[in-house]
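A.B. asks:
Protein chains: 2
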Amino acid sequence: MASSSFQALPGFRDFPPRECAVRNYLFENWREVARTYGFVEYDTPVLEDTALYLKKSGGELSSQLFRFEDQGGRDVCLRPEVTASLARIAARSQREFPKPLKWFEIGQCFRYEKPQKGRGREFYQFNVDILGEAGPRADAELIALAIDTMRAFGFDEGDFVVRVSDRQAWLDFANERGIDEERIPEFLQIIDKLEREKPEVTAEKLGTFGLATGEIETFIRQPENASLAFEAIREDLEARGLGAFVELDLSIVRGLAYYTGVVFEVFDSSRSMRAVAGGGRYDTLVSTISDGSVDLPATGFAMGDYVIRNFIEEHTDARMRMEVWLQRQSAACDVVLVLADESKRSEALEILSELRGAGISCDMPFTTGKVGKQFQRAEQSGARFALVVGSELPEMKLKVLASRTEEPCHALGLAEWLAERLQQPDGPLLA
Amino acid sequence: MASSSFQALPGFRDFPPRECAVRNYLFENWREVARTYGFVEYDTPVLEDTALYLKKSGGELSSQLFRFEDQGGRDVCLRPEVTASLARIAARSQREFPKPLKWFEIGQCFRYEKPQKGRGREFYQFNVDILGEAGPRADAELIALAIDTMRAFGFDEGDFVVRVSDRQAWLDFANERGIDEERIPEFLQIIDKLEREKPEVTAEKLGTFGLATGEIETFIRQPENASLAFEAIREDLEARGLGAFVELDLSIVRGLAYYTGVVFEVFDSSRSMRAVAGGGRYDTLVSTISDGSVDLPATGFAMGDYVIRNFIEEHTDARMRMEVWLQRQSAACDVVLVLADESKRSEALEILSELRGAGISCDMPFTTGKVGKQFQRAEQSGARFALVVGSELPEMKLKVLASRTEEPCHALGLAEWLAERLQQPDGPLLA
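For the protein sequence lines, the chains are G and L, in the order given. Residue numbering for the first sequence follows this note's numbering, beginning at 3 and increasing consecutively. Residue numbering for the second sequence follows this note's numbering, beginning at 3 and increasing consecutively.
Encoded structure:
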């Protein structure tokens with residue numbers, strides 16, 4: 003490969019300004035909803051001791067790790083997710099915080115997967131967790147937050163659904179049927195793969211437990227009373243006016259071994275893509291990570307940036323909402339100074355500096371050129387106003403670029419006047 | 003090591019809420035100043051092809067890389083800095099953007115150094131670059147931005163100084179003294195180490211060029227007319243009212259080979275710590291990275307999070323300014339609902355949901371407990387208001403936690419009323 007074609011590694015993304023703005027749109031919505039729910043932000047290292055993930059998973063490591071030996075001979079890896087690190091921090095420093103902890107993180111994670119549409123080797127995750135509260139109200143709070151996050155992006159009833167399940171219901175089922183404790187993970191794996199696996203394979207596997215596929219399907223279809231936690235969650239969400247977004251679906255168990263109770267996934271209603279978000283209760287993880295020294299019930303979920311972005315782009319309302327936001331961001335500046343007289347550059351720099359000091363976003367060309375050309379560039383940049391600095395200083399003109407109208411202004415008190423002008427609509431200034 | 007003592011890798015930081023808020027304070031100031039200057043945000047991958055850095059440095063790789071082979075056999079490394087990636091993106095896609103590009107990035111970088119106070123193995127960098135403008139006005143714009151960034155943190159004249167130098171002045175000097183072109187990097191290295199190296203070592207090294215230390219010191223002390231670029235920059239900054247922050251100091255050349263002209267560093271006035279920021283012109287890098295297919299003059303600087311944070315903590319005004327910001331952030335919520343009657347939980351959830359939907363940050367305990375205890379926890383959380391939901395619904399009381407005064411309120415139109423109330427000071431509401 004010629005070095006002139008250097009590009010990002012497969013599955014890694016560059017974020018030139020528009021892509022970065024899209025990413026920041028996701029981040030801003032995530033932060034804003036978390037803030038209204040009283041969650042506080044934290045972050046964890048991108049690189050961690052591999053043993054942390056080994057401990058979390060009970061000895062089985064994913065084959066998708068970016069794992070290597072650092073210069074000090076440590077076995078380290080880029081984080082594939084953030085919950086292990088959260089459990090590590092919680093185990094070490096939970097005493098410093100009143101319970102429950104309501105924490106969120108927006109972080110980049112790394113998995114060596116086959117890159118494809120909607121999946122890369124790096125991705126951002128919005129992680130929201132409640133630690134120190136064992137009851138279903140905490141699960142309901144998280145599900146409500148997941149729903150309100152979707153609504154903040156412009157999705158509503160009919161666009162998506164939260165499918166809630168409860169591993170406890172399956173544990174009770176397994177118990178009643180006399181399934182060995184140590185074979186329960188294997189049993190849950192079968193349920194997890196039910197929709198994707200060939201029926202004869204499922205039947206054979208269930209057979210080793212003395213079960214028929216029909217029994218499983220019946221249990222999924224008639225789950226009344228099977229999950230007390232779900233009933234409590236639904237009641238809670240109904241009080242919030244969010245009952246219509248959730249349904250019980252015991253076919254969901256989620257792959258990861260560490261979940262202990264309620265689990266849920268957010269899907270687009272047509273189920274045309276992977277889950278937009280997913281999570282559940284993991285009451286034993288902090289204890290596992292801390293070798294039993296700290297016991298802290300926990301529940302959480304994650305939403306990745308790839309799937310939500312695809313969903314937004316396929317949904318008219320959500321896409322328009324994002325575009326409006328991007329449009330507002332796309333202008334580098336509110337005001338561009340047009341230098342009509344190069345001999346006034348020093349005065350123009352003084353004005354530029356004063357306006358920026360007052361928090362007004364503004365710019366001025368390095369090379370002056372023709373005034374018409376300067377106006378054209380100012381328009382193309384998306385700026386609202388052009389401030390024409392010429393030989394009449396301290397008198398100037400403010401040109402509204404959308405309406406092409408002009409307003410006189412004066413260097414004296416300019417920053418204050420302009421800050422106020424920016425608050426008003428584009429049209430001609432009312433007297 | 004017992005697994006119960008899992009901790010972050012040496013030189014890596016956890017960011018529990020307060021640390022994360024400090025980090026976000028730096029990020030917010032960086033973003034805000036960049037915005038007022040009309041710079042747009044971009045980002046680049048954390049992991050890159052090692053060959054990119056090899057190309058940038060002309061074949062010499064830092065010994066401090068987190069470098070490894072990925073699962074696909076690629077020689078990759080965690081980014082030690084972001085300019086190589088920026089040059090890669092610029093070389094590939096500069097045609098899509100009007101020049102000059104005014105771009106900034108806030109990104110985490112990784113270097114395997116000995117961890118010590120003020121230096122870790124990961125750190126965040128604020129990178130600001132102008133591409134496509136060769137003249138000193140672009141350098142002046144960047145230096146002005148660096149100065150205004152420092153001022154945004156609460157530093158002023160007398161607290162810090164920008165020492166500006168010009169490699170071109172040294173290239174001219176080397177030319178006049180007949181130094182071989184290929185020995186120029188070696189010569190610049192001697193200047194770079196002048197203040198740290200033993201005088202006899204410097205003298206010996208300079209001797210190989212037929213030079214005496216005195217000649218070098220004289221050139222540094224009498225730089226008049228030696229840097230035309232500096233004169234233009236000073237004039238520009240003086241017009242902006244920022245002339246007092248800069249001085250010419252030819253002893254600065256900066257270590258990296260890729261700088262081509264003006265270079266500068268920001269120091270605290272007492273010079274008690276490493277440079278707070280540094281950068282300069284690198285007019286040939288995009289051409290190098292693209293094997294000559296794209297030629298784009300460029301200039302930029304970076305400010306790291308470690309040094310600026312230490313500087314802030316050692317400076318009364320800057321520290322107070324940060325603490326005020328952190329104080330405002332430390333409250334998880336503006337409003338905490340106090341549930342005086344557990345039988346009203348459903349109604350309280352409805353209110354909670356309505357307020358959050360209106361963008362008001364609020365919370366409610368999962369477990370009710372005594373009212374006095376609830377007030378106490380609301381106060382400890384830093385919330386401004388407690389909203390008491392009890393048996394008199396839809397009548398409620400709003401308690402101002404600072405003044406312990408109460409105001410009656412009503413469920414009808416509550417969100418609107420509360421949003422307005424939050425805009426007003428804490429004291430008793432005026433009629």
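Beta carbons are placed, not taken as given, at the ideal position from N, Cα and C, and that holds for glycine. Computed from a predicted model, the values in this text were never measured in an experiment.
Assign L/Thr-46 to one of three DSSP states: helix, strand, or coil.
C.D. replies: Correct three-state label for L/Thr-46: coil.
A.B. asks: Below 7 Å on C-beta distance, what does L/Gly-306 contact in chain G?
C.D. replies: Under the 7 Å cutoff, chain G gives no residues; its nearest Cβ is about 17 Å from L/Gly-306.
A.B. asks: Report the residues of the segment 366 to 391 of chain L with a CB closer than 8 Å to any CB of chain G, ordered along the chain.
C.D. replies: Identification of residues in the segment 366 to 391 of chain L having a C-beta nearer than 8 Å to some C-beta of chain G yields Phe-368, Thr-369, Arg-379, Gln-382 and Ser-383, given in sequence order.
A.B. asks: L/Arg-330 to L/Lys-104, Cα distance in whole Å?
C.D. replies: 32 Å
A.B. asks: Interface residues of chain G around L/Cys-79 at Cβ under 7 Å?
C.D. replies: Residues of chain G passing the Cβ test: none, with the nearest at roughly 10 Å.
A.B. asks: Please compile the residues from chain G whose C-beta is within a distance smaller than 7 Å of the C-beta of L/Gly-243.
C.D. replies: Glu-352 and Ser-355
A.B. asks: Taking L/Ser-363 as the query, report the chain G residues whose CB atoms sit under 8 Å from its CB, ordered along the chain.
C.D. replies: Arg-37, Thr-38, Tyr-39 and Gly-40
A.B. asks: Using alpha carbons as the reference points, say which of L/Ser-95, L/Gly-120 and L/Asp-45 lies closest to L/Arg-276.
C.D. replies: L/Gly-120
A.B. asks: Does any CB atom of chain L fall closer than 8 Å to the CB of G/Ala-300?
C.D. replies: no
A.B. asks: If you measure beta-carbon to beta-carbon, which residues of the segment 46 to 59 of chain L are closer than 8 Å to chain G?
C.D. replies: Thr-46, Pro-47, Val-48, Leu-49, Glu-50, Asp-51, Ala-53, Leu-54 and Lys-57
A.B. asks: For L/Leu-250, count the other beta carbons within 10 Å of its own beta carbon; 16 or more makes it buried, fewer makes it exposed. Which is it?
C.D. replies: buried
A.B. asks: Would you say L/Ala-140 lies against chain G (beta-carbon separation less than 8 Å)?
C.D. replies: L/Ala-140 belongs to the set of residues whose beta carbon lies under 8 Å from a beta carbon in chain G.
A.B. asks: Please report the residue range of the beta strand (DSSP E) in which G/Gly-302 lies.
C.D. replies: 300 to 306
A.B. asks: From L/Ser-253, L/Ile-235, L/Leu-252 and L/Ile-254, pick the residue whose C-alpha is nearest to that of L/Gly-245; which is it?
C.D. replies: L/Ile-235
A.B. asks: Quick one: what's got a C-beta closer than 7 Å to G/Thr-52's C-beta in the same chain, skipping five residues either side?
C.D. replies: By the criterion of a C-beta distance shorter than 7 Å, G/Thr-52 is surrounded in its chain by Arg-69, Asp-77, Val-78 and Cys-79, once the five residues flanking it on both sides are discounted.
A.B. asks: Run through the DSSP bridge pairs and tell me what L/Gln-170 is partnered with.
C.D. replies: Answer is none; L/Gln-170 lacks a bridge partner.
A.B. asks: Restricting to Cα atoms, I'd like to know which of G/Pro-138, G/Glu-199, G/Glu-409 and G/Thr-215 is closest to G/Ala-205.
C.D. replies: G/Thr-215
A.B. asks: Quick check: is the beta carbon of G/Leu-11 nearer than 8 Å to any beta carbon in chain L?
C.D. replies: yes
A.B. asks: Mind checking L/Pro-18: buried by the 16 CB within 10 Å criterion, or exposed?
C.D. replies: buried
A.B. asks: Tell me which residue opens and which closes the alpha helix (DSSP H) that G/Cys-22 is part of.
C.D. replies: 19 to 38
A.B. asks: Within the 8 Å Cβ cut-off, does G/Ser-64 reach chain L?
C.D. replies: Not closer than 8 Å to any Cβ of chain L, the Cβ of G/Ser-64 fails to qualify, so no.
A.B. asks: Could you give the DSSP three-state label for G/Ala-279: helix, strand or coil?
C.D. replies: strand
A.B. asks: For G/Ala-146, I'd like the list of residues in its chain whose CB is within less than 7 Å of its CB, leaving aside the five on either flank, ordered along the chain.
C.D. replies: Leu-239, Arg-242 and Leu-244, listed in sequence order.
A.B. asks: Evaluate the contact criterion for the segment 256 to 266 of chain L versus the segment 54 to 65 of chain L: three or more CB pairs, one atom per stretch, below 8 Å.
C.D. replies: Short answer: they touch.
A.B. asks: Would you say L/Asp-334 reaches chain G, if we count a Cβ-Cβ gap shorter than 8 Å as a contact?
C.D. replies: Correcting the residue identity first, residue 334 of chain L is Ala in this sequence and not Asp. So, interface residue.
A.B. asks: Between L/Ser-348 and chain G, is the shortest Cβ-Cβ distance under 8 Å, so that the two count as touching?
C.D. replies: yes
A.B. asks: I want to verify the contact list: residues of chain L whose CB lies under 7 Å from the CB of G/Cys-22, in sequence order.
C.D. replies: Glu-43, Tyr-44 and Asp-45
A.B. asks: Among L/Ala-171, L/Pro-117, L/Leu-416 and L/Gln-425, which has the Cα closest to the Cα of L/Phe-221?
C.D. replies: L/Ala-171
A.B. asks: Provide the residue(s) that pair with G/Phe-128 in DSSP beta bridges, ordered along the chain.
C.D. replies: G/Ile-108 and G/Met-305
A.B. asks: Pick out whichever of L/Leu-298, L/Leu-49 and L/Pro-100 has its Cα sitting closest to the Cα of G/Gln-378.
C.D. replies: L/Pro-100
A.B. asks: Would you kindly work out how many angstroms separate the C-alpha atoms of L/Lys-346 and L/Val-391, rounded to a whole number?
C.D. replies: 7 Å
A.B. asks: Could you give the residue range of the beta strand (DSSP E) that holds G/Lys-375?
C.D. replies: No beta strand (DSSP E) contains G/Lys-375, which is instead part of the alpha helix (DSSP H) from 373 to 382.
A.B. asks: Chain L beta carbons: is any one of them nearer than 8 Å to that of G/Arg-321?
C.D. replies: no
A.B. asks: Under the three-state reduction of DSSP, which class applies to G/Lys-58: helix, strand or coil?
C.D. replies: In the structure shown, G/Lys-58 falls within a helical segment according to DSSP collapsed to helix, strand and coil.
A.B. asks: How about G/Leu-414: is its C-beta nearer than 8 Å to some C-beta of chain L?
C.D. replies: no
A.B. asks: Check whether the segment 393 to 401 of chain L touches the segment 318 to 336 of chain L, counting contact only when three or more Cβ pairs, one atom from each stretch, lie closer than 8 Å.
C.D. replies: no
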